[in-house]
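*Asks:* Please find one structure pasted underneath; my questions will follow.
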Amino acid sequence: MRLTTLTFLALLAPAAVHAYTPGSSQTEPSCPKGDRPVWVNTRTSVYHYRGMRWYGHTKSGKYICEKDAQAEGDRVTRNGE
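Here the sequence shown stands for residues -19 to -1, 1 to 62, where the numbers follow mature numbering (1 follows the signal peptide of the UniProt record, and there is no 0).
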């Protein structure tokens, strides 16, 4: 019984981790030289850089190039997350 439970959990673990990332179905844009991809929280209009806590991990958001984010009025996060 215990082996069956462990096997079941081992099979579900990768799916559970993948399901937690809301932005995973989107792909990062290919930005021109001098620009870089950011994750914009579309609810707050705040964007995050790769490596930050909320990069790709907000309920609503999108990947976009930083210059495009600035052009649409989004701003960089103030707390570095």
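Here a beta-carbon is modelled for each residue, glycine too, at the ideal position from N, C-alpha and C.
Could you check which residue in Ser41, His29, Gly15, Arg24 has the C-alpha nearest to that of Asn60?
*Replies:* Nearest C-alpha to Asn60: His29.
*Asks:* Looking only at its own chain, which residues have a Cβ that is under 6 Å from the Cβ of Met33, when we skip the five neighbours before and after it?
*Replies:* Answer for Met33: Glu62, listed in chain order.
*Asks:* I need the boundaries of the beta strand (DSSP E) containing Lys43, first residue and last residue.
*Replies:* Element bounds for Lys43: 42 to 46.
*Asks:* Roughly how many whole angstroms lie between the Cα atoms of Ser11 and Trp20?
*Replies:* So the alpha carbons of these two residues sit roughly 13 Å apart.
*Asks:* Given Asn22, which residues of its chain have a CB within under 8 Å of its CB, disregarding the five upstream and five downstream residues?
*Replies:* Counting only Cβ-Cβ distances below 8 Å, and skipping sequence neighbours, we find Tyr28, His29, Trp35, Thr39, Ser41, Gly42.
*Asks:* Tell me the residue span of the beta strand (DSSP E) that contains Tyr30.
*Replies:* Per DSSP, Tyr30 belongs to the beta strand (DSSP E) from 27 to 30.
*Asks:* According to the neighbour-count rule (16 or more other Cβ atoms, all chains shown, within 10 Å of its Cβ), is Pro13 buried or exposed?
*Replies:* The residue in question, Pro13, is exposed, as its Cβ has fewer than 16 Cβ neighbours within 10 Å.
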